[in-house]
Amino acid sequence: MDTNQMTARRPYLFRAFYDWIVDNELTPYIVVDASVFGVLVPQEFVKDNQIVLNLAPHSVAQYMATNEKIEFNARFSGVSQHIVVPMSAVEAIYARENDAGIVFEDEPEYKQQRETNIQQSDNVEKKSTNPFRVVK
8 MDTNQMTARR PYLFRAFYDW IVDNELTPYI VVDASVFGVL VPQEFVKDNQ
58 IVLNLAPHSV AQYMATNEKI EFNARFSGVS QHIVVPMSAV EAIYARENDA
108 GIVFEDEPEY KQQRETNIQQ SDNVEKKSTN PFRVVK
């Protein structure tokens, strides 16, 4: 089977590195491309379309990592937020203490998802979301 026909490696590598970092009592951080469709993070912490998130078990609640996304609750400036990160938006995972980790390569499946999402978001922006007409 051709590797382009296989499922994406990222979720498997992500979970393996996450477990490895936590098992070594280090703090897992992820780098997220916040411009990817479906990313739900507090925008005030996004810089240059990126956000770094702490995934330490004691820092997050209701953590779940599937092949499609990472989802959890965390506090930002004392306010609880629900975070959603599609796997296609995860650029890297590393240990805060020593930078041991992995930067993910762009896989064909995610590249295709991004292109589809860009087209969908362009179509959404073209439609008027205001059902009321302005009368002067």
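Per our numbering, the sequence shown starts with residue 8, numbered consecutively.
Just so it is clear, CB atoms sit at the ideal spot from N, CA and C, and this is done for glycine as well.
* For Phe21, which beta-bridge partners are listed by DSSP? -> Looking up residue 21 in the sequence shown gives position 14. Beta-bridge pairing links Phe21 to no other residue.
* Asked: Taking one C-beta from the region 99-112 and one from the region 75-86 each time, how about it: are there three or more such pairs within less than 8 Å?
  -> no
* Between Glu114 and Val91, what straight-line distance do the alpha-carbon atoms span, to the nearest angstrom? -> Reading the sequence shown from its first residue, position 107 is the one you call residue 114. Reading the sequence shown from its first residue, position 84 is the one you call residue 91. Taking the straight line joining both Cα atoms gives about 20 Å.
* Would you list the one or two residues that DSSP bridges to Asn61? => Within the sequence shown, numbered from 1, the residue matching residue 61 stands at position 54. Tyr36, per the DSSP bridge assignment.
* State the Cα-Cα distance for the pair Leu20 and Asp26, rounded to the nearest angstrom. => Mapped onto the sequence shown, residue 20 falls at position 13. Mapped onto the sequence shown, residue 26 falls at position 19. Between Leu20 and Asp26, the C-alpha separation is close to 10 Å.
* Three-state secondary structure (DSSP) at Val110? -> As a working note, residue 110 is residue 103 in the sequence shown. Residue state, collapsed to three classes: strand.
* To do: Using the Cα positions of Ala23 and Asn80, report the straight-line distance between them to the nearest angstrom.
  => Here the question's residue 23 lines up with position 16 in the sequence shown. Here the question's residue 80 lines up with position 73 in the sequence shown. If I take the Cα positions, the gap works out to 21 Å.
* **Pairwise C-alpha distance: Asn11 and Ala41** => Translated into positions along the sequence shown, residue 41 becomes position 34. Translated into positions along the sequence shown, residue 11 becomes position 4. Approximately 26 Å, taken between the alpha carbons.
* Just the C-alpha distance for Arg103 and Leu33, rounded to the nearest angstrom, thanks. => Residue 103 sits at position 96 when you count from the first residue of the sequence shown. Residue 33 sits at position 26 when you count from the first residue of the sequence shown. Going from the Cα of Arg103 to the Cα of Leu33 covers about 7 Å.
* To do: Using DSSP bridges, identify the partner residues of Gln50.
  => Numbered from its first residue, the sequence shown carries residue 50 at position 43. Answer by DSSP bridge pairing: none, since Gln50 is not bridged.
* With distances taken between CB atoms, is the gap from Ile37 to Val97 smaller than 8 Å? -> Position 30 of the sequence shown, counted from the start, is the residue given in the question as residue 37. Position 90 of the sequence shown, counted from the start, is the residue given in the question as residue 97. Yes, these two residues count as a Cβ contact at 8 Å.
* To do: Just grab the DSSP bridge partners of Tyr101 for me.
  => If you number the sequence shown from 1, residue 101 lands on position 94. Answer by DSSP bridge pairing, in chain order: Tyr36 and Gly108.
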